[in-house]
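A.B. asks:
In my numbering, the protein residues as written are 36 to 142.
1) Check whether the stretch 67 to 77 touches the stretch 114 to 131, taking contact to mean three or more Cβ pairs, one atom from each stretch, closer than 8 Å.
2) By how many angstroms is the C-alpha of residue 96 removed from the C-alpha of residue 90?
3) Less than 7 Å between C-beta atoms, sequence neighbours within five positions excluded: which residues of the same chain meet that for residue 121?
4) Go ahead and label residue 100 buried or exposed: buried means 16 or more other beta carbons lie within 10 angstroms of its beta carbon, across all protein chains shown.
5) Indicate whether residue 136 and residue 105 have their beta-carbon atoms separated by less than 7 Å.
6) Go through its chain and collect everything with a Cβ distance to residue 147's Cβ below 6 Å, but skip five positions before and after it.
7) Would residue 51 pass as a contact of residue 57 if the rule is Cβ separation under 7 Å?
As structure tokens, this is what we get:
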């Protein structure tokens with residue numbers, strides 16, 4: 036459990052300098068048009084990702100904004116700081132509501 040909390044904390048700390056609200060899933064929505072949501076989605080390897088390391092941490096980062104373009108720009112900024120912090124991009128797809136980008140990383 037401490038490894039999972041450390042992963043969430045590291046991701047959140049890497050994203051905070053962007054100046055946008057960063058919340059962990061289940062936290063209340065912050066005010067404003069832009070938000071970054073961080074969620075741990077798995078703590079063991081999943082064969083669908085081709086991972087062999089049983090200690091892999093899978094993290095989902097969702098970037099929401101007033102427009103799809105703004106969400107994509109926010110996602111690009113988030114990706115840069117997360118990769119610099121040691122997270123590795125797995126996949127990216129649009130949020131179901133059309134105003135966000137969902138990206139999965141592993142560490």
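Here a beta-carbon is modelled for each residue, glycine too, at the ideal position from N, C-alpha and C.
C.D. replies: This is what the structure gives:
1) Between the stretch 67 to 77 and the stretch 114 to 131, the count of Cβ pairs shorter than 8 Å is below three; the stretches do not touch.
2) For the purposes of this step, residue 90 is taken as residue 55 along the chain shown, with counting starting at 1. For the purposes of this step, residue 96 is taken as residue 61 along the chain shown, with counting starting at 1. Residue placement at residue 90 is poorly supported in this model, since its pLDDT is 47, which falls under 50; the coordinates are not used for a value here.
3) Translated into positions along the chain shown, residue 121 becomes position 86. 142.
4) Numbered from 1 along the chain shown, position 65 holds the residue referred to as residue 100. Buried, because 16 or more other Cβ atoms sit within 10 Å of the Cβ of residue 100.
5) As a position in the chain shown, residue 136 is number 101, starting the count at 1. As a position in the chain shown, residue 105 is number 70, starting the count at 1. Residue 136 places its beta carbon 7 Å or farther from that of residue 105.
6) Outside the displayed span of the chain (36 to 142) sits residue 147, for which this structure offers no information.
7) By 1-based counting over the chain shown, the position of residue 51 is 16. By 1-based counting over the chain shown, the position of residue 57 is 22. The answer is yes: Cβ separation under 7 Å.
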